[in-house]
Amino acid sequence: MAEIENGAFGDNDPATFEVVKNSLYSMAAEMRVVLSKTAYSPILKSAGDFSCGIFDVRGDMVAQGPDLPMHLGSMPLAVKAVIKAWEDIEPGDVFIHNDPYFGGSHLPDVNVVTPAFADDQSLLGFACLRAHWPDVGGGTPGSYGTETEIFGEGLRLPPVRLYRRGEPIREVEDIIFANIRTPEEGRGNLRAQVAANHRAVTRLEALARRYGTDRLMRIMQGIMDYSESMMRRALSALPDGEGSFEDFCDGDGILEPGETEDAPFTIKLHVKKEGDRLAVDFAGTDPVVRGPMNSPLAVTASGVFTAVKTVADSDALIPPNSGCWRPISVVAEPGTVVNATLPAPVVYANHEIAHRVCDMVYMAMSGFAPDNVMACSQGTSAILTMGGVDRRNGNRYVNYEVVKGGFGARPNKDGINAIAASVANTANTPVEVVEMGFPLRVERYELIPDSGGAGEYRGGLAARRVWKILDHTAQATVCCERSKSPPFGLFEGQAGAPAKIYVIEADGTRRDLNSKEHFLAAEGSEIWYEVPGSGGFGPPARRDPDKVKADVRDGYVSIEAAKRDYGLDL
Amino acid sequence: MSWRIGVDIGGTFTDVAVVDETSGQIDVVKTSTTPQNFAAGVIEALRTAMQRHDVPPSDVTLLSHATTVVTNAILEQKGAKTALITTRGFRDVLELRRSARARLYDRNQEPPAVLVPRHRRFEITERIGSEGQVVTPLEEGEIQAIVEQIVQNDIEAVAVCLLFSFLNDQHERRIGERLSEALPDVPVFLSADVLPELKEFERTSTTAICAYVGPILASYVERLEKATRELELPPLHIMGSSGGVLDVAESLKMPAMAVESGPAAGVIAAAFIGRQLDEPNLISFDMGGTTAKASLIKDGRVEVTSEYEVGADANVVRWMHGTGHPIKVPVIDLAEVSAGGGSIAWIDPGGVMHVGPQSAGAEPGPVCYGRGGQEPTVTDCDLILGYLDPDYFLGGELEVDITAAEAAIRDKIAGPLGLSVQRAAASVIEVVDHNMAEVLRIVSVERGHDPREFSLVAFGGAGPVHAASMAAELDIPRVIIPPIPGGFSALGLVATDLRREYVRTFYQRLDEASHAELSTAYAAMEGAGMGMLVDAGVPEAKRKLQRAADIRYTQQAYELTVPVGDGEIGDGHLVELAEAFHARHLATYGHHSADEPLQLVNIRVSAIGTLGSLGLKPTAVAEHAAGFAPWKRREVYFKEVGAIQCDIVARAGLHGQAELAGPVIIEAADTTVVVPPEWVARSDPRGFLVMERSADG
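Chains A and B, in that order, give the protein sequences. Start counting the first sequence at 2; every next residue gets the next number (my numbering). Start counting the second sequence at 1102; every next residue gets the next number (my numbering).
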């Protein structure tokens, strides 16, 4: 066991290693507390669309908070971008940036990076908090428009200094807040991000005082080495094998001249697992599309990492950090939808492509690791933004909401109804909070019967939310994949229901929407948002009839579907 | 003579605190808990305690009880068959929850439990809008069909939670009336009564929990009351989660308030100790077999939160919830970690050692218990390092096998890591102490308090073993070990007040809030509180009402609670309120924004019936330690100095104001106090031990 002593611990005893590791993860969790409790936007304070991390001097992630898997792959790039851009990093500095072509994910995700220093002024590492702002300018409220270049998607901030010697730099703040629709909200969010980083940096500095800078830095490296060795062990425990999968996305949100329907595009991937390594190759995937469904490679990688962690480390023994991903390679041709290049627009791809890739990896691995995968989940972050002027107070508002679909069925149990899955873990906004804040009324928020794919183990059901527009015309945007490509089942399990999005006008006429569309919703109209369910696992005929009966009693499955899918006459 | 009696049920023991109000003498009598019939066990414990101290029932002035039946019913999913009535279109609010999952990468995770299955959730046509206006009138014709369903399904309790009922409760009340007429024997809980507060899922969950546990609590207290009446004891009181007791009638109106009543009692006991020692700033630390809990007391006041989940994932130290059932009643703000004497030490495949969260619990328990436990635990390490006495374990009641404990550490930890058994055991203790120190950090540093300004009150069987080391982690200068730390929580049951919290949403911007409406709203809540105190027989001079308000910056989601002055609301009140909020926000989160508008969200009133203070004068400690040898020495390991021959002192032998410099071990039947090098312990005639870091330490 000498290798352990020389590996993860180095010259450190096992208790110190564990204590420092737990402290670093607890710092990231404490950042989460400060951010959620003091941020201004519902997407941060209620939905939790942000990630916190602690990084070493090179920008590698040592500890990721219990936040969004979606940010696993790209957070380190956010810190590395700062290190690359600025040589003169000093105590009291805070940096900000959001550009996916400079280590970001999409423009609404704003990274705040704060360095930590030892008493002798040597750099210890960084805290980084990536938070989704409800608006960063651009053509539509919420910065979720179907633009064709990143220049239209909102304010692009390369890594710039936001604070010097502990004082905010007004010029930078003024540029930022002149470019977004809800500057006061933005200021509140930014204050919360800076304060959360400050908490973590203070704690990291105290840790250096207690254990010594050199020892702390060695342990930080040791933690990443430890995650790497744990990941290698977990991968070795899986059967070797390879598999491919090809799937199509609904479209990029742009109707080309002459098109009546958004054209789908294709993603291909090949997974090869050999020994303690895993490689994913996206050869054959379509080139970048005109609309914002292009994913930076780091975002694509996040989808792969989430799948691998779920497949190989379901019990969460491996602390998430940069070390985990060393045994995994992700290869994709630049200029494709999974490796976007400037000036391709990206805003939807950040979650939609990451979701898609994660589910596709399960399917590709199902041939050689059938006990470790799950059927396809909702496959989308199912976003709706609404904006306009609230006539009650004359203020401009932006409401950003997510609706959750199914969590896919597993080899030994049903899926889960209406809960965040794969790369996402954001929460809903309470109906009463929506209505008190915005000129909207929620008419329904409920499960959709029969939306879970039939199977020996049934897929989880999706939710439906319906908003009525009150006393104004709302500018709205939807972004919800899997309206044409329903969430697949595995091993003869059936697919879950696809998404359906439509507007019912005040006069009762129905207008169907594309999976990605910017539209106007008039006063008195209703937006119906039915998000995708999830796939079943195993043949429906093998399902225990008592479970089908219980599902019918609870209305999860209709009497008709019980007959059609399970052959059960009730 | 007059006596107060408190009964606290734990998993293994039922503790009865008996206090003579006049002399201040206290004792805690321990009996075994009887899980098959809790009520019978409680009665037996009462009889034993009263016999031992010759307490005539007519001399008992307060009988209070901390119960686990409510929490157990929820955890074991053995509550009443409950129905839920919701606004049409919102049948699934309880199941849709907040839609985030608790475990990010766990493909085998279970769905969060739902207390009311979908076929017992009924919709009714009606709608109240966000300004309290009726958007769709209540379709009363639909009630009859629901009544029939309730009868057909043998439903035992009903929860009603309609959207925006906290602004306009007329529809909920009408449904309540109709159900009570039609089904007089089925208890009905309205969300407007239980929690008139914004956010439909949390309100629905709280109301559903009340219905789910109400019938169980009712039948339990009915049995208890019958027996206590036969014993001619005074009326029973139930400890509430916010640290005050309620009379039985009040507790049945709000059964969710009886969750966490045992842990709440422990914190109240710590506050009581603080009053005795004139120490207003305390962190309480309760370490048992499977969990460690901390809470903060500032200026003598316990901190209360309304973000609590029953049955949330035990691994989750922080507020990333999602596995349990939220109840938004005021609960004493406890941070909890899965770490205790039973926590198992293990090495993962990558060769790194961890402690917990798995616990050997009471069965099979630590390896040294010899009941089949194979995995080395914290208690095994405490024994190996010499902190616990192999010849006087649990006061000599348990014979322990130290050889087996050493073998387990050698095989599972020391061998694989290439360490000596002693070093391995010390490493386990260092890790678990750090994990537990995290909860002290959460209630102090994370909430904006400097731990150096607090004293640590350590209790629970294992608390005093680990207290000094944890205090050192956070630079807490002083540790207080109360008399009878093993049955300490029961003391909180008799050292408290009658207390009920009222809350309602009052959603106005602070600078635009109507003084008249605010005064009226407070007056209504104060009227309800005063009515409760009168009904409970609290004499006029002992009735007290306290106001508070939940406030945030207009665009935030989480509030901070700030006290509000008495009398008609005027500008002065609101200015004071704003200043207090900004200051608290800065202290808690490290930033504030003095010129931004504030949002009033909820207003609160606490109705308090003071029960008079107690003065402590324990004499019972000696009795427990009868037959214990006063002095000995054994090898004890301290991380500062390594293994040394260490003095062992009997706590019972410490009369008056003794002073002992560490390293020294102080033993009593119910606990062991470890005084490390560089610490000094002083005893107090009332039975306290106070440890401080010595000046040169």
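Note that beta-carbon positions come from the ideal geometry of N, C-alpha and C, so glycine has one too. Just so we're clear, the structure is a prediction, and the values are computed from it rather than from any experiment.
The beta strand (DSSP E) that contains residue i, what's its start and end?
i	result
B:SER1133	1127 to 1133
A:GLY501	According to the sequence displayed, residue 501 of chain A carries Lys and not Gly. It spans 501 to 505 - the beta strand (DSSP E) in which A:LYS501 sits, taken as one unbroken run.
A:HIS519	517 to 522
B:GLY1180	No beta strand (DSSP E) contains B:GLY1180, which DSSP labels as neither H nor E.
B:TYR1738	1732 to 1739
A:ALA376	Segment: none, A:ALA376 is in no beta strand (DSSP E) and carries neither H nor E.
A:GLU114	At residue 114 of chain A the sequence reads Val, which differs from the Glu that was named. That run of the beta strand (DSSP E) goes 110 to 118.
Span of the alpha helix (DSSP H) holding residue i?
i	result
A:CYS53	Note, A:CYS53: premise wrong, no alpha helix (DSSP H); beta strand (DSSP E) at 51 to 56.
A:LYS38	15 to 39
B:GLU1768	From DSSP, B:GLU1768 is part of no alpha helix (DSSP H) but of the beta strand (DSSP E) over 1765 to 1768.
B:PHE1682	1672 to 1690
A:VAL362	350 to 366
A:ASP215	214 to 238
B:MET1151	1139 to 1153
A:LEU45	43 to 46
Who are residue i's beta bridge partners in DSSP?
i	result
B:THR1237	B:ARG1228
A:MET294	Note: A:MET294 sits in no beta bridge, so no partner.
B:MET1454	B:ILE1448
B:VAL1171	Answer is none; B:VAL1171 lacks a bridge partner.
Is the shortest distance between the beta-carbon of residue i and the beta-carbons of chain C less than 7 Å?
i	result
A:PRO109	In the structure shown, chain C cannot be found, because the protein chains are A and B.
task = Run through the segment 132 to 203 of chain A for me and flag every whole beta strand (DSSP E) of 3 or more residues, listed as ranges in chain order.
result = Qualifying beta strand (DSSP E) stretches, in chain order: 161 to 165.
task = For the segment 1533 to 1551 of chain B, enumerate the residues whose C-beta is nearer than 7 Å to any C-beta of chain A, in chain order.
result = The residues in question are HIS1535, ASN1536, GLU1539, GLU1547.
key: Interface positions of the segment 1652 to 1683 of chain B facing chain A (Cβ-Cβ less than 8 Å), listed along the chain   = TYR1654, GLN1656, GLN1657, ALA1658, TYR1659
inquiry  = With three or more C-beta pairs closer than 8 Å as the rule, is the segment 540 to 560 of chain A touching the segment 1141 to 1153 of chain B?
reply    = no
request  = Check whether the segment 416 to 436 of chain A touches the segment 460 to 473 of chain A, counting contact only when three or more Cβ pairs, one atom from each stretch, lie closer than 8 Å.
outcome  = Look at the beta carbons and you see the segment 416 to 436 of chain A touching the segment 460 to 473 of chain A: at least three pairs across the two are nearer than 8 Å.
Chain B contacts made by the segment 64 to 81 of chain A, where a contact means CB separation under 8 Å = PRO67, PRO70
task = At 4 residues or longer, and completely inside the segment 1536 to 1619 of chain B: list those alpha helix (DSSP H) runs for me, N to C.
result = List check, alpha helix (DSSP H) in window: 1564 to 1574, 1589 to 1595.
key: Chain-ordered residues of the segment 1328 to 1342 of chain B with a beta carbon less than 9 Å from chain A   = none
message = I'd like the ranges of any beta strand (DSSP E) spanning at least 3 consecutive residues and lying wholly in the segment 429 to 462 of chain A.
response = 441 to 448
inquiry  = Closer than 9 Å between beta carbons: that is the criterion. Which residues of the segment 1437 to 1462 of chain B meet it against chain A?
reply    = For the segment 1437 to 1462 of chain B, which is checked against every Cβ of chain A, the residues closer than 9 Å are ILE1448, ASP1449, PRO1450, GLY1451, GLY1452, VAL1453, MET1454, HIS1455, VAL1456.
query = When the Cβ atoms of the segment 1378 to 1388 of chain B are set against those of the segment 1531 to 1545 of chain B, are three or more pairs found closer than 8 Å?
reply = yes
request  = Could you name each continuous alpha helix (DSSP H) segment of 4 residues or more that falls completely within the segment 1237 to 1281 of chain B, going from the start of the chain to the end?
outcome  = 1244 to 1253
message = Just to confirm the assignment: which complete alpha helix (DSSP H) runs, minimum length 4, are found wholly within the segment 1350 to 1410 of chain B?
response = Complete alpha helix (DSSP H) runs here, min 4: 1362 to 1378.
At least three beta-carbon pairs within less than 8 Å, the segment 417 to 433 of chain A to the segment 346 to 358 of chain A = yes
query = Between the segment 1303 to 1315 of chain B and the segment 1213 to 1221 of chain B, are three or more C-beta pairs nearer than 8 Å?
reply = yes
ask   = Just by C-beta distance, which residues in the segment 300 to 316 of chain A are closer than 8 Å to chain B?
value = THR307, LYS310, THR311, VAL312, ASP314, SER315, ASP316
inquiry  = Counting beta carbon pairs with one atom in the segment 57 to 72 of chain A and one in the segment 88 to 95 of chain A, are three or more of them shorter than 8 Å?
reply    = no
inquiry  = Residues of the segment 1606 to 1618 of chain B in Cβ contact with chain A at a cutoff of 9 Å, in chain order, please.
reply    = TYR1608
ask   = Do the segment 395 to 413 of chain A and the segment 1184 to 1195 of chain B touch if we need at least three Cβ pairs shorter than 8 Å?
value = no
task = At 4 residues or longer, and completely inside the segment 1471 to 1540 of chain B: list those alpha helix (DSSP H) runs for me, N to C.
result = As far as the segment 1471 to 1540 of chain B is concerned, its whole alpha helix (DSSP H) runs of at least 4 residues are 1479 to 1485, 1503 to 1510.
inquiry  = Tell me which residues of the segment 1199 to 1217 of chain B have at least one Cβ-Cβ distance to chain A shorter than 7 Å, keeping chain order.
reply    = ARG1199, SER1200, ALA1201, ARG1202, ARG1204, LEU1205, TYR1206, ASP1207, ARG1208, ASN1209, PRO1212
query = At a Cβ cut of 9 Å, what residues of the segment 1299 to 1316 of chain B count as close to chain A, listed as they run along the chain?
reply = LEU1299, LYS1300, GLU1301, PHE1302, GLU1303, ARG1304
task = Inspect the CB distances between the segment 129 to 139 of chain A and the segment 284 to 296 of chain A and report whether three or more fall short of 8 Å.
result = The segment 129 to 139 of chain A, when compared against the segment 284 to 296 of chain A, does not touch it at the 8 Å Cβ threshold.
request  = Anything in the segment 220 to 243 of chain A with a Cβ closer than 7 Å to a Cβ of chain B? List those residues in chain order, please.
outcome  = TYR227, SER230, MET231, ARG234
ask   = What residues in the segment 1267 to 1290 of chain B bring their beta carbon closer than 8 Å to a beta carbon of chain A?
value = Contact annotation: in the segment 1267 to 1290 of chain B, no residue has its CB less than 8 Å from a CB in chain A.
request  = Examine the Cβ distances between the segment 76 to 84 of chain A and the segment 331 to 340 of chain A and report whether three or more of them are shorter than 8 Å.
outcome  = Three or more Cβ pairs closer than 8 Å define a contact, and the segment 76 to 84 of chain A falls short of that threshold against the segment 331 to 340 of chain A.
task = Examine the Cβ distances between the segment 1648 to 1656 of chain B and the segment 1695 to 1704 of chain B and report whether three or more of them are shorter than 8 Å.
result = yes
inquiry  = For the segment 1178 to 1194 of chain B, list every residue whose C-beta sits within 8 Å of some C-beta in chain A, in sequence order.
reply    = Across the segment 1178 to 1194 of chain B, CB contacts with chain A closer than 8 Å involve GLY1190, PHE1191, ARG1192, ASP1193, VAL1194, in sequence order along the chain.
ask   = Between the segment 1570 to 1603 of chain B and chain A, which residues of the former have CB atoms less than 7 Å from a CB of the latter, in chain order?
value = none
task = Could you tell me whether the segment 1550 to 1567 of chain B touches the segment 1336 to 1347 of chain B, where touching means 3 or more Cβ pairs closer than 8 Å?
result = no
query = Got a sec: which bits of the segment 1508 to 1529 of chain B sit with their beta carbon under 7 Å from any beta carbon on chain A, in order along the chain?
reply = PRO1517, LEU1518, GLY1519, SER1528
inquiry  = Taking 8 Å as the cut-off, does the segment 96 to 105 of chain A touch the segment 155 to 173 of chain A (at least 3 CB pairs, one atom from each stretch)?
reply    = yes
ask   = Is it true that the segment 189 to 197 of chain A meets the segment 110 to 127 of chain A, where meeting means three or more beta-carbon pairs spaced less than 8 Å apart?
value = yes
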